[in-house]
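Report on the structure given below.
Residue numbers (my numbering): 11 to 281.
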């Protein structure tokens with residue numbers, strides 16, 4: 011389960027998506043996530059599906075590697091789908107014992123499952139095709155206008171980059187600790203919820219100790235290199251838009267316009 015989490019990892023390969031400016035990928039991910047919440051009908055989700063398939067094909071990241079991260083949220087998705095299925099009022103379709111499945115509940119459950127799946131796939135695809143350093147530069151340049159409001163944009167981008175960089179490291183550390191505890195007789199699988207929670211204590215304590223130790227080492231390393239924030243710092247490779255970045259923005263604008271148009275048409279037809 012731990013090894014199945016792919017968020018924060020980078021997949022090295024040559025593709026058009028990898029070569030895009032990180033600002034384009036950040037904006038593209040935000041537009042895709044916004045389109046998922048705008049979508050209210052089948053045609054909108056068909057457009058989102060076509061868009062996601064095209065991006066996955068262009069990224070050259072194996073589909074099996076991308077969907078591997080879905081296993082980690084399977085339980086959360088199942089609970090969300092069940093709540094939408096049985097707790098949504100509407101026209102009854104199936105009734106058994108004290109539970110009733112309505113047409114609106116079934117529709118919401120399907121849309122929620124698709125929305126969560128696409129949300130995870132889209133976010134994972136961005137981290138798989140963008141290095142943490144590029145993400146930091148992209149966020150810092152993309153959110154540069156917030157400096158007008160005295161917000162520490164560089165520090166925020168740095169914290170997010172460090173968090174993403176440490177996800178694979180902490181997952182690997184968790185896997186090592188779990189194997190070490192299991193070799194000593196620890197059982198993380200059997201028993202009820204309370205017993206499993208108690209069994210997690212020998213795992214969480216050394217994990218927190220290791221995380222704080224790594225954080226302290228990183229702080230000392232940054233101080234020893236005279237790091238004092240982003241003021242006055244220059245970039246070895248400044249971000250510059252290329253022609254294909256501009257074309258990517260045009261494609262993103264067209265995709266968002268299509269989704270909004272389909273949503274508006276559905277509202278007018280329903281009214």
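Every residue gets a Cβ at the ideal spot worked out from N, C-alpha and C, and that includes glycine.
Of the candidates 51, 81, 41, 41 places its Cα closest to the Cα of residue 62.
DSSP places residue 71 outside both helix and strand once states are collapsed to three, so it counts as coil.
Taken through DSSP and simplified to helix, strand or coil, residue 110 comes out as strand.
A distance of 9 Å or more separates the beta carbons of residue 271 and residue 45. Residue state for residue 102 is assigned as strand, using DSSP reduced to three classes.
Around the beta carbon of residue 269, a 10 Å sphere encloses 16 or more other beta carbons of the protein chains shown; the residue is thus reported as buried. CA-CA distance, residue 112 to residue 276, rounds to 21 Å. Each of 101, 166, 134, 81 was checked against the Cα of residue 66, and the nearest Cα belongs to 134. For residue 276, the secondary structure class from DSSP, reduced to helix, strand or coil, is helix. Between residue 139 and residue 174, the gap from beta carbon to beta carbon reaches 9 Å or more. Judged by their CB atoms, residue 254 and residue 68 are not nearer to each other than the 9 Å cut-off. Per the C-alpha coordinates, the member of 190, 236, 229, 200 positioned closest to residue 217 is 190.
In its chain, beyond the 5 residues on either side, 136, 140 have a beta carbon closer than 6 Å to the beta carbon of residue 35. For residue 24, no alpha helix (DSSP H) encloses it, and the DSSP letter there is neither H nor E.
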